[in-house]
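Remarks on the structure that follows.
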Amino acid sequence: MIETYIRRALVTILLVLGTTWATVVPVGATEQDAALTRADVERASLFYPANVRKLVRNAAPVPNWIAGGDRFWYRHEFDGGFRFVTVDAATGDAEPSFDHQAMAATLSRELDQEVSPKQLPFASITYSQDMRGVSFTSGGRLFECNRAGTSCKGRSDPASDPAIVVSPDGKSALLTRDSNLWLRDMATGAERPLTTDGTAQFPYQYTAFKTTYVEERRGQAKPTYAGATWSPDGRYVLAIRTDRRGVKTAPYVVEYLAPDSPRPIAHQIAMPTPADAPEIPYALVLIDLEDGGVVPVDGGALGFNDYAPYWAIVGEPGWDIADSELYLATSTRDSRALGLVAIDLDNGTSRTVLEERADQFLNLNPFDYHVPNVRLLAARDEILWWSQRSGWGHLYRYDAPTGALKNAVTTGEWAVFDIVRVDEAAGFVYFTAGGKEAGRNPYYRHLYRVALDGGNPTLLTPEDADHSYTNFPARGLNGHWDTPVERFSPSGRYFVDTHSTIARPPTTVVRGADGTLIAKIVDADVSALLATGWTPPERIVAKSADGKHDIYGVLIKPTNFVAAKRYPVIEQIYAGPQVSFAPQGFTDALGARAAYMQALAELGFVIVVQDGRGTPRRSRDFHMAPMQDEDSIALGDHVAGIRAAASSRPYMDLDRVGITGISFGGYASARAMFLFPEFYKAAVSIAGPHDYRTMISSISVERFFGVPGEKGADGDAYARVDNLHLADRLKGKLMLVAGDIDQNVPFNQTVALSDALIKAGKEFDLVLVPNAAHDVGYHPYVAQRLAGYFLRHLKGQEPPVPFAQTLK
């Protein structure tokens, strides 16, 4: 009896194991999926982001304009190094910025080490006023040298303080100490308080999007700047106060393995969620340095919510010192109403200049993190204002004193992206836009010029390509200083343009302000990239799920692609309302945006990246259409896009489709598994915000989903958009990835979805990376696990060696 029982039990176990083993090989896997070799993985390693960047030279030269003229320098890359080149924009004539050979010899003596002229130990230079010398920092010392490179004077480099905001004349600086604002004399170092009423609960500080608590404590990140800005004449200071009074504190992030402590360190901060955030979270004040007066700033009917405090310190719309007014954008918490107020500099009172309202959120730039497209034209007493009121993003001109609309500056079924420059005297605005030129990719950025009183804009960059203009502010959203790229010369007479497509390498040229081509500066060198066998991604265009819009994306194939084979498909997704994501320029599919996608393709996958409805830079209908549906980020468009691509590409195996994404893409990739379980078979969801009700109340939360408790026709948006209530729909393979010190999307978000999946009885995988922040998706171990996950669950294979380099 016992032996019979054992035999039956063994047979049962073997049958169960046999069934389990059978399910390891995914449906649709074929004998064409040849086993990977070490050579395959080594070929893939060529396309790790850190490696592939070395294969393209001069992809994005940055013009560094020299004060007082129309000349700039840039770093010209060549085989084995780089050189500094100075260009006269008026003629295109170029010359070495200094004698590199002599400079290397001089520095070798000064630094007591061998210095190569091809690899000089500094990345930036500053010309002297007479253009006869250059200065730079190297080895902790500030060097001032003649351009012949034969003479250098070195002295200790006084480290700049990243937490200060220097006055326009450079004589004073603002800083935050003990929740108050202080003033520092830059010559003597003497300091004095400007305010004394700040408290820990109501400080003079702006931390709406601070994500470096841990890194600052460890000394790995610079401290954040004071939430304040100067008037152009240096008399006034505009400061932000964050109201944390009554806000519950919580351990926002925990350093479980702090490198300098044997015990975990919890960062206990005031953590307002959308449900319990203060009704008025921010207050602005004006400080008059002449009389020491501090007056509150009246935000009018809308107040300073959403992006409005950030816009205030970014510096737009601007100061009208002659009329003693400051113009500021205002916003409600949910950004369903935006406005503009003029503030009296003496008493802080406001008058409303204009207001705009809508049923869904408004913005002043299609790209969430760029400078708002609002400008005060003080010399003309006019305002430029960006709006989608016509269904497309366009510029409008207002009378500043009365708020009366003068005219639409731009019109048509195309979108203005960024204001680049305004020439008040000549009456022109320069801006980037997409979709205006018939038959072109609507995401391509082109530069235009148009008269402020309207008319047909002049195309200044005629190439059918993406032109690399961005408008990130100098003061980054996370509280750190960034360095914006200035394409126009200080005089406004010339601009530098770099353009490319996904298939055509970048070319950099100089043009006059009227678009006249002056000279080609440099073509990117992609010979090393092409030598690997790499071919450019393919552009794909398909109809959205509702059939009303074209959606654009790219398709990436392995370098050893064979059309007769069948390849599993992996989509990399973002899908957030903040930004468009699919590559447009040549290096977009190779660098950080595409992360490891080309490398992953080398393991035998076809990669797809696309932008469906719900993303910006198109019409307002395209941006807003899916917001009130269960599929609130139009994942159906992504399914439709892949199906459309596969209809003419039989090598795409739609029985084996995976998806991955980081941040909002982590949210989207998990949601895709829940909403389309028959299509997506495996997902790697990285650092995703899965329950917005428990995220810190800030921008990118309430603007998209509204204020909790204010139910619209579709009910509670937060209950609809969280991923937790969809957990029971999981059918395929899901791996969640998180970093334990992520301060953008804290680890509690991954814990919440894990809990929901466990309660639903679903099996899933979880990878927690110690001491990894929000960039956990670029961690080599995560790249290794991501590749292994898709190999196992889409191809039924094990990688012969780890996909990514191990940490050193």
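For the sequence shown, the working numbering gives the first residue as 21, with consecutive numbering after it. Glycine included, C-beta positions come from ideal geometry on N, C-alpha and C.
- Below 8 Å, enough C-beta pairs join the region 651-667 and the region 559-576 to call them touching: three or more.
- Burial is judged here by how many other beta carbons sit within 10 angstroms of a residue's own beta carbon; Arg212 has fewer than 16 and is exposed.
- Here Phe508 is bridged, per DSSP, to Phe515.
- Taking the Cα positions, Asp364 is about 53 Å away from Val628.
- Apart from sequence neighbours up to five positions away, the residues of its chain that approach Ala332 with a beta-carbon distance below 8 Å are Thr249, Leu258, Ile260, Leu304, Phe324, Leu348 and Ala349, ordered along the chain.
- With a 10 Å radius around the Cβ and a threshold of 16 neighbouring Cβ atoms, Phe98 comes out exposed.
- Looking at the DSSP output, Thr249 shares a beta bridge with Leu258.
- Straight-line measurement puts the Cα of Arg723 at about 15 Å from the Cα of Arg640.
- Within the region 188-253, the alpha helix (DSSP H) runs of at least 4 residues that lie entirely inside it are, in chain order, 233-237.
- The Cβ neighbour count for Asn580, taken over all protein chains shown within 10 Å, is under 16; the residue is labelled exposed.
- Of the residues Met206, Gly320, Phe784 and Pro182, the one whose Cα lies closest to the Cα of Ala193 is Met206.
- In its chain, beyond the 5 residues on either side, Ala666 have a beta carbon closer than 6 Å to the beta carbon of Leu674.
- Counting only the Cα atoms, Arg713 lies some 10 Å from Ala737.
- A direct Cα-Cα distance of roughly 6 Å separates Pro141 from Ser158.
- Counting along the chain, Tyr809 sits inside the alpha helix (DSSP H) bounded by residues Pro800 to Phe810.
- Between the C-alpha atoms of Arg377 and Ala428 there is a straight-line separation of about 18 Å.
- Val436: member of the beta strand (DSSP E) spanning Ala435 to Asp443, first to last residue.
- Inter-segment contact for the region 688-697 and the region 589-598 is present: three or more beta-carbon pairs are separated by less than 8 Å.
- For Trp405, the enclosing beta strand (DSSP E) covers residues Glu402 to Ser407.
- The residue among Thr352, Glu345, Glu236 and Lys782 with its C-alpha nearest the C-alpha of Asp366 is Glu345.
- The DSSP assignment places 655-667 and 684-695 as complete runs of the alpha helix (DSSP H) inside the region 645-706, in order along the chain (cut-off: 4 residues).
- In this structure, the alpha-carbon of Leu575 lies about 5 Å from that of Pro557.
- The region 701-709 makes contact with the region 750-760, as at least three CB pairs between them are under 8 Å.
- Burial check for Asp296: the Cβ neighbour count within 10 Å stays below 16, so the residue is exposed.
- Cβ-Cβ separation between Ser410 and Phe381: approximately 17 Å, too far for a contact (criterion under 8 Å).
- Shown here, Asn84 sits in a strand according to DSSP, grouped into three states.
- By a beta-carbon distance limit of 8 Å, Leu56 contacts Pro819. Their separation comes to about 6 Å.
- Secondary structure at Ala619: helix, using DSSP grouped into helix, strand and coil.
- Excluding sequence positions up to five before and after Phe222, its CB lies within less than 7 Å of the CB of Arg261, Asp263, Arg264 and Arg265, all in the same chain and listed in chain order.
- The Cβ atoms of Thr231 and Ala772 lie no closer than 9 Å to each other.
- Taken atom to atom, the span from the alpha-carbon of Asn385 to that of Thr430 is near 15 Å.
- With a minimum length of 4 residues, the unbroken runs of alpha helix (DSSP H) contained wholly in the region 105-168 fall at 120-131.
- With respect to the C-alpha of Leu396, the residue from Asp189, Gly808, Tyr418 and Leu201 having the closest C-alpha is Tyr418.
- Linking Tyr450 to Ala109 through their CA atoms gives a straight-line distance of about 18 Å.
- In this structure, the alpha-carbon of Ser128 lies about 18 Å from that of Phe104.
- Asn764 and Thr219 have their C-alpha atoms roughly 25 Å apart.
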